[in-house]
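Residue numbers (this note's numbering): 3 to 259. Data block below; observations after.
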């Protein structure tokens, strides 16, 4: 049985990705930060799959927690075939670079870039032994060309760094049957993170040119495709899943006040 590690996999986009893997017959390690109510709900929703799900609680910015993710996964399932780096802190308040606190900057860089390094450092050797692995990171539209993102300097800097890391791992680990790719979701808000395509089509709202909001199912479908065994020729690539929406430029001329 193939196994996937999905950080922040209990709600939002991560929930839909987790469900996709469970439906595909995988066992899954799901990390979460603190929302016990969400875990209670997932245990009820996924009650038919609980023998294949491991929930691990902690902060993705804590190296000890990252060690725990890997050790508990190997103890329970003995392998890691897919690593989905879904977790990553985000600062919702718009502010310019000079207005960030040191703590905000360091937390965003650590949570979105450094934590991926520490997970990869432990999981890549496991995948090498298996001669198989699929790594998926998340970015933002324009990350591949290092676009500036006004009021999102720390987040964008971390994700642009992750673009290079994603490609480097692809080059370094191709000989070991490991692929590494990035998905850049468009604007997917609120309930749409846990919605599917048909629900979004009925809703008929959203700014994307395709005429509907993006959904968690759209992202999960892309993750599934890239994690297939048959997708071994796709590596080192950055995929934007935005419905044709220019995510960054819509904020470019919005003042802070």
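Backbone N, C-alpha and C define an ideal beta-carbon position, used for all residues, glycine too.
Cβ neighbour criterion (16 or more within 10 Å) applied to residue i
i: residue 146; result: buried
i: residue 21; result: buried
i: residue 127; result: exposed
i: residue 148; result: exposed
i: residue 77; result: exposed
i: residue 94; result: exposed
i: residue 175; result: buried
i: residue 28; result: buried
i: residue 34; result: buried
i: residue 131; result: exposed
i: residue 12; result: buried
Neighbourhood of residue i by C-beta distance below 7 Å, restricted to the same chain and skipping five residues each side
i: residue 99; result: 155
i: residue 199; result: 217, 219, 220
Cβ pair residue i, residue j closer than 9 Å
i: residue 58; j: residue 87; result: no
i: residue 150; j: residue 164; result: no
i: residue 161; j: residue 15; result: no
i: residue 226; j: residue 26; result: yes
i: residue 24; j: residue 143; result: no
i: residue 79; j: residue 129; result: no
i: residue 219; j: residue 18; result: yes
i: residue 10; j: residue 62; result: yes
Other residues of its chain near residue i: CB distance less than 6 Å, five sequence neighbours each side excluded
i: residue 179; result: 133, 134
i: residue 121; result: 68
i: residue 137; result: 85, 182
i: residue 222; result: 18, 19, 22
i: residue 56; result: 31, 78
Chain-order list of residues whose beta-carbon lies under 8 Å from that of residue i (same chain, five-residue window excluded)
i: residue 236; result: 181, 183, 228
i: residue 241; result: 183, 184, 185, 186, 224, 228
i: residue 234; result: 179, 181
i: residue 244; result: 143, 186, 187, 188, 189, 210, 216
Practice item. Pick out the complete alpha helix (DSSP H) segments inside the segment 55-122, 4 residues or longer, and give them in chain order. Key: You should have 65-79, 104-111.
Review point. Just checking, does the segment 96-105 make contact with the segment 39-57 on the three C-beta pairs under 8 Å criterion?
Key: no
Practice item. Please determine if the segment 38-49 and the segment 179-190 are in contact, where contact requires at least 3 C-beta pairs separated by less than 8 Å. Key: They do not touch, by the three-pair rule.
Point to revise | Whole runs of the beta strand (DSSP E) within the segment 173-254, excluding any shorter than 3 residues | key: 180-187, 240-243
Practice item. May I ask you to verify whether the segment 205-219 touches the segment 106-125, counting CB pairs closer than 8 Å and requiring at least 3? Key: no
Exercise for review: Could you name each continuous beta strand (DSSP E) segment of 3 residues or more that falls completely within the segment 120-166, going from the start of the chain to the end?
Suggested key: Those beta strand (DSSP E) runs which fall completely within the segment 120-166 and span 3+ residues are 135-140.
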